[in-house]
Amino acid sequence: MKLTRKDILGIQDFSVAEIELVLDTAESFIEVSTREIKKVPTLRGKTVINLFYEASTRTRTSFEIAGKRLSADTINISASTSSMVKGETLIDTAKNLEAMNPDIVVVRHSAAGAPHLLAGLLKQSIINAGDGAHEHPTQALLDMMTIRAKKGRIAGLNVAIIGDISHSRVARSNIYGLTKMGARVSVAGPATMIPRGVETLGVAAYTRIDDAIRGADIVMMLRIQTEREKNNIFPSLREYANHFSLNSRNITLAREDALIMHPGPMNRGVEISPDIADGPRSIILDQVTNGVAVRMALLYLLTGGDE
Ligand code: CP
């Protein structure tokens, strides 16, 4: 099977077959990263531009590593070192990059819909590396890959997503993906961080962490997206941590074999206690490892590769 779409913009319009194609392909790429010479010639002669208008450690680095392990030429552009600081618009920047004939442009932007705008303007494939509070499709794919690898399935699992649901593109993409794949998803956070009508996406919503994590197979903790919050939506970090941190007390409500996830960056002592983040049930660094494989799979599939 091949991926027939030009762009990766969100999980909302992904089919189950497409998600499985990406996860299966990513699994086949895991081995490349364990070799002594971590390189295959698959994308030799292809050019990937990482255009990041927001800070990133994991996503940008893993796209760069993914491209390099496939022998693509990868170029990183960040807002602070680009001509955006001289007033150039996103569209002008993108049209200039298009004129240099890359094959794939990976975009992270604070504005929801920015990658969709570029997908309509550029002939190159666009990958959404996070657009505002909208979607982070490659994160959800690596999360689903990690869950499937650790639990052997996604369907039928109870997944609790805890924290700033309203401002989290990770939560939104995971809700779309996990519910499509047959998981039961619960979300919890302060009422000010739960989007109105979130139940219409097929999830159960709670304002107490205990209600969401009781019986969970997977507990996914989220950072408070302070960069997207215009008002103070909780009294203090200490109060937030008292009510919504995952710790050695409330984790006992989850299943005994429950696994802990976090997309990063973590704020230790706020949404997750250090002993849980570093404990035996944490698969947070497995998520990071799988991020390289998922991004290798997407670069490969978008350039015409098949399963
Ligand atoms: N999970 C994630 O998107 O991390 P970065 O912001 O470091 O890329």
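Residue numbers 5 to 311, in this note's numbering, belong to the letters of the sequence shown in order.
Where a beta carbon is used, it is the ideal one built from N, C-alpha and C, also for glycine.
#1: State buried or exposed for K50, treating a residue as buried only when at least 16 other CB atoms are found within 10 Å of its CB.
#2: Identify every run of the beta strand (DSSP E) within the segment 211-237, keeping only runs that are complete inside it and at least 3 residues long; order them along the chain.
#3: Check the C-beta distance from H138 over to R176 and give it rounded, since I have them as a contact under 8 Å.
#4: Below 6 Å CB to CB, which residues in the same chain sit around I69 once its five sequence neighbours on both sides are set aside?
#5: Could you tell me if the beta carbon of T8 falls within a distance shorter than 7 Å of some heavy atom in ligand 1?
#6: Which residues does DSSP list as the beta-bridge partners of E139?
#7: Taking only three categories from DSSP, how would you classify D100?
#8: Given the structure, does S286 come close to ligand 1, in the sense that its CB is under 7 Å from one of the ligand's heavy atoms?
#9: Under the assumption that G309 contacts I288 (Cβ atoms under 8 Å), give the Cβ distance between them as a whole number of angstroms.
#10: Would you list the residues whose beta-carbon is nearer than 7 Å to any heavy atom of ligand 1, in the order they occur in the chain?
#11: Taking DSSP as the reference, what is the three-state secondary structure of S18?
#12: Hey, S66 and R299: beta-carbon distance below 8 Å or not?
#13: Per DSSP, A208 forms a beta bridge with which residues?
#14: Give the single residue among T211, S129, V202 whose Cα lies nearest to the Cα of N317.
#15: Find out if the Cβ-Cβ distance for the pair V189, T183 is shorter than 8 Å.
#16: Do you know offhand how far T307's Cα is from D107's?
Judging by the given coordinates:
#1: For the purposes of this step, residue 50 is identified with residue 46 of the sequence shown, where counting begins at 1. Burial call: buried.
#2: List check, beta strand (DSSP E) in window: 222-225.
#3: Within the sequence shown, residue 138 is the residue found at index 134, counting from 1. Within the sequence shown, residue 176 is the residue found at index 172, counting from 1. Between H138 and R176 a beta carbon distance of about 7 Å is seen, short of the 8 Å cut, so the two are scored as contacting.
#4: The count along the sequence shown starts at 1 and reaches residue 69 at position 65. Annotation for I69: V296 place their beta carbon closer than 6 Å to its own, counting only its chain and skipping 5 residues before and after.
#5: Stepping through the sequence shown from its first residue, residue 8 is reached at position 4. Incorrect: T8 has no Cβ contact closer than 7 Å to ligand 1.
#6: Translated into positions along the sequence shown, residue 139 becomes position 135. Beta-bridge pairing by DSSP links E139 to D135.
#7: On the sequence shown, position 96 is the one that residue 100 refers to. First, the amino acid is wrong: residue 100 is Asn here, not Asp. N100 falls in the helix class under three-state DSSP.
#8: Taking the first residue of the sequence shown as 1, we reach residue 286 at position 282. Distances from the CB of S286 to the heavy atoms of ligand 1 are all 7 Å or more.
#9: For the purposes of this step, residue 309 is taken as residue 305 along the sequence shown, with counting starting at 1. For the purposes of this step, residue 288 is taken as residue 284 along the sequence shown, with counting starting at 1. G309 to I288, Cβ: 29 Å. No contact.
#10: Here the list is A59, S60, T61, R62, T63, R64, G134, H140, Q143, V174, P267, G268, P269.
#11: Locating residue 18 in the sequence shown gives position 14, where the first residue counts as 1. The sequence shown places Phe at residue 18, not Ser. Three-state DSSP puts F18 in coil, outside helix and strand.
#12: Taking the first residue of the sequence shown as position 1, residue 66 is located at position 62. Taking the first residue of the sequence shown as position 1, residue 299 is located at position 295. Yes; because the gap between Cβ atoms is below 8 Å, this pair is in contact.
#13: One-based indexing of the sequence shown puts residue 208 at position 204. Paired residues: S190.
#14: Only positions 5 to 311 of the chain appear in this structure, which leaves residue 317 out of reach.
#15: Against the sequence shown, residue 189 aligns to sequence position 185. Against the sequence shown, residue 183 aligns to sequence position 179. Contact flag set, yes.
#16: If you number the sequence shown from 1, residue 307 lands on position 303. If you number the sequence shown from 1, residue 107 lands on position 103. Straight-line Cα distance between these residues: approximately 8 Å.
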